[in-house]
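Peer 1: Here it is, the structure in full.
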């Protein structure tokens with residue numbers, strides 16, 4: 115683990131010069147030269163209650179810190195490790211949001227990679243203006259999400275060209291999901307694999323626009339699927355439908371829903 119030194123006066127005082135007690139940690143998972151000392155200083159100046167810590171890998175992040183971790187900024191290249199370390203991170207840092215950071219909005223990851231990754235709340239380009247960058251951090255600290263528009267450009271360009279590439283077949287009707295092995299059926303068992311895939315994303319708090327972009331569907335198609343999901347589950351809205359999903363996932367009552375909330379069969383349609 116390494117730490118970029120911050121002047122001791124900055125530790126002892128807030129931006130207004132009054133004494134502040136550090137009560138949260140913002141954890142950066144990236145090489146030492148990825149984030150400048152001046153940016154770390156700016157973060158701690160903007161958010162008086164935060165101490166910035168930096169480690170090179172997600173494995174190094176799976177330790178306790180003096181103050182609870184509220185936000186983990188992970189270098190985008192390490193996205194494949196997010197799923198591998200997700201359970202340990204959730205156990206050690208239960209209140210932490212996870213966000214990817216990359217040099218700009220046009221490299222490293224696709225919107226499908228991000229949306230299907232567990233607990234990732236967005237992508238933060240490092241080339242934003244400082245005030246905008248800090249505003250995005252504030253948004254995510256408050257539970258929001260941020261995705262730069264450039265992540266959606268490849269999908270928009272394929273649609274304009276009439277070529278959807280590997281995701282062209284995603285709007286085709288999905289086959290009915292198999293009935294549970296024990297012969298018992300309920301409304302959840304009536305969901306198709308596509309509906310399960312969308313419900314899993316809804317349960318993560320993703321809005322229709324992001325779901326549509328990730329799956330190569332139109333928002334209208336997502337709305338139709340969601341209407342069918344709500345009807346089949348006997349729910350009144352998407353919140354109730356998400357609650358049913360979480361209950362089934364936590365009980366382990368459906369082999370199509372893994373413990374991390376990902377629909378196993380549906381993953382293959384995103385590659």
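In this note's numbering, the protein residues as written are 115 to 385. Beta carbons: idealized from backbone N, C-alpha and C, even for Gly.
Contact defined as beta carbons within less than 8 Å: I believe residue 359 pairs with residue 326. What is the distance between those atoms, to the nearest angstrom?
Peer 2: Contact flag wrong, Cβ pair sits at about 19 Å.
Peer 1: Between the alpha carbons of residue 191 and residue 257, how many angstroms are there, rounded?
Peer 2: Taking the straight line from one Cα to the other gives about 23 Å.
Peer 1: Helix, strand or coil: how does DSSP classify residue 165 here?
Peer 2: The answer is strand: DSSP assigns residue 165 an E or B state.
Peer 1: Report yes or no: is there a C-beta of chain C within less than 8 Å of the C-beta of residue 197?
Peer 2: Going by chain labels, chain C is absent from the structure shown, which holds only one protein chain.
Peer 1: Are the beta-carbon atoms of residue 184 and residue 242 separated by less than 8 Å?
Peer 2: No, these two residues do not count as a Cβ contact at 8 Å.
Peer 1: So residue 361 and residue 304 are in contact, right, with Cβ under 8 Å, and what is the actual spacing, rounded?
Peer 2: Wrong, their Cβ atoms sit about 16 Å apart, outside the cutoff.
Peer 1: Can you give me the C-alpha to C-alpha distance between residue 153 and residue 247, rounded to a whole angstrom?
Peer 2: Each residue's Cα considered, the two are about 10 Å apart.
Peer 1: Could you compute how far the alpha carbon of residue 160 sits from the alpha carbon of residue 141?
Peer 2: Computed Cα separation, rounded: 16 Å.
Peer 1: How is the alpha helix (DSSP H) around residue 304 delimited, first residue to last?
Peer 2: First-last for residue 304: undefined, no H or E at that position.
Peer 1: Mind checking which residues open and close the alpha helix (DSSP H) that includes residue 323?
Peer 2: Per DSSP, residue 323 belongs to the alpha helix (DSSP H) from 322 to 329.
Peer 1: When the Cα of residue 251 is compared with those of 265, 236, 322 and 148, which residue comes out closest?
Peer 2: When only C-alpha atoms are compared, the closest one is 236.
Peer 1: Could you spell out where the beta strand (DSSP E) holding residue 114 opens and where it closes?
Peer 2: Limits of the chain in this structure are 115 at one end and 385 at the other, which puts residue 114 out of reach.
Peer 1: Thinking just about the alpha-carbon of each residue, which of 223, 266, 318 and 302 is nearest to the one in residue 349?
Peer 2: Per the Cα distances, 302.
Peer 1: Can you tell me the Cα-Cα spacing of residue 467 and residue 364, whole angstroms?
Peer 2: Coverage of the chain is limited to positions 115 through 385, which leaves residue 467 absent and any answer about it impossible.
Peer 1: Does the Cβ-Cβ distance between residue 343 and residue 309 come in under 8 Å?
Peer 2: Yes, these two residues count as a Cβ contact at 8 Å.
Peer 1: Quick check on the DSSP output: the alpha helix (DSSP H) that includes residue 337 runs from which residue to which?
Peer 2: Where residue 337 is concerned, the enclosing alpha helix (DSSP H) stretches over 333 to 347.
Peer 1: Using the Cβ count rule (16 or more neighbours within 10 Å means buried), how would you classify residue 244?
Peer 2: The residue is exposed, with fewer than 16 neighbouring Cβ atoms inside 10 Å.
Peer 1: Does the beta-carbon distance from residue 167 to residue 179 come in below 8 Å?
Peer 2: In contact: residue 167 and residue 179 (Cβ atoms closer than 8 Å).
Peer 1: Mind checking who residue 186 pairs with in its DSSP beta bridge?
Peer 2: Looking at the DSSP assignment, residue 186 forms a beta bridge with 141 and 212.
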